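Inspection log for the structure reproduced underneath, given as structure tokens.
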Amino acid sequence: MIRILVIDPDKHIGEGVTRALEADKMAVSVVHNREEALLQLQREPPDAVVVAVGPSWNRGEDLCGDVCERTLAPLLAVGKIEHYLAVERALAAGADAHALQPCSTGILVGQLWALLRRVGLSRPANPG
9 MIRILVIDPD
19 KHIGEGVTRA
29 LEADKMAVSV
39 VHNREEALLQ
49 LQREPPDAVV
59 VAVGPSWNRG
69 EDLCGDVCER
79 TLAPLLAVGK
89 IEHYLAVERA
99 LAAGADAHAL
109 QPCSTGILVG
119 QLWALLRRVG
129 LSRPANPG
């Protein structure tokens, strides 16, 4: 099963993303701060990482650099469209792609699968 680490200080957003990823047969770990994120990266290396960036996540783009120093897993930066500068900084710090909110969970999940394909991981076939 593909493992995704979601780093988001907003527990409600993390829950929505988790539901969408789990519905797509991914195992999801959610953490809410830098310290938890770095511990989780070491404890259970993910196949990909989703990081929320923006004013409510003070210096979330710096966390992107910390994550990139510790793993080669693809990193998706997610931020609100009005906070595009934080998303730009996250990309400069090493994020592989971004999703601007509001966006559907389908777009977010699709963007994540695109990143996973680049590292040789693919969506499981539907039985039936």
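With my numbering applied, the sequence shown covers 9 to 136. Don't be surprised by glycine CBs; every beta carbon is placed ideally from N, CA and C. Here the structure is a predicted model, which is why all the values come from computation and not from measurement.
Go ahead and pull the three-state DSSP assignment for residue 128.
For the purposes of this step, residue 128 is taken as residue 120 along the sequence shown, with counting starting at 1. Three-state DSSP puts residue 128 in coil, outside helix and strand.
Between the segment 52-63 and the segment 113-132, do three or more beta carbon pairs fall short of 8 Å?
Output reads yes: the segment 113-132 touches the segment 52-63.
Measure the beta-carbon distance from residue 32 to residue 95 and round it to whole angstroms, keeping in mind my assumption that it falls under 8 Å.
Translated into the one-based positions of the sequence shown, residue 32 becomes position 24. Translated into the one-based positions of the sequence shown, residue 95 becomes position 87. With a Cβ gap of about 23 Å, residue 32 and residue 95 do not count as contacting.
Quick one: is residue 97 buried, meaning 16 or more other Cβ sit within 10 Å of its Cβ, or exposed?
What you label residue 97 is simply residue 89 of the sequence shown in a count that begins at 1. The residue is buried, with at least 16 neighbouring Cβ atoms inside 10 Å.
Please report the residue range of the alpha helix (DSSP H) in which residue 80 lies.
As a first step, residue 80 must be located in the sequence shown, where it is residue number 72. Segment: none, residue 80 is in no alpha helix (DSSP H) and carries neither H nor E.
May I have the straight-line CA-CA distance separating residue 12 from residue 93, to the nearest angstrom?
Residue numbering aside, residue 12 sits at position 4 when the sequence shown is read from its first letter. Residue numbering aside, residue 93 sits at position 85 when the sequence shown is read from its first letter. So the alpha carbons of these two residues sit roughly 25 Å apart.
Return the residue from the list 50, 69, 51 and 82 that minimises the CA-CA distance to residue 125.
Looking up residue 125 in the sequence shown gives position 117. Closest by alpha carbon: 82.
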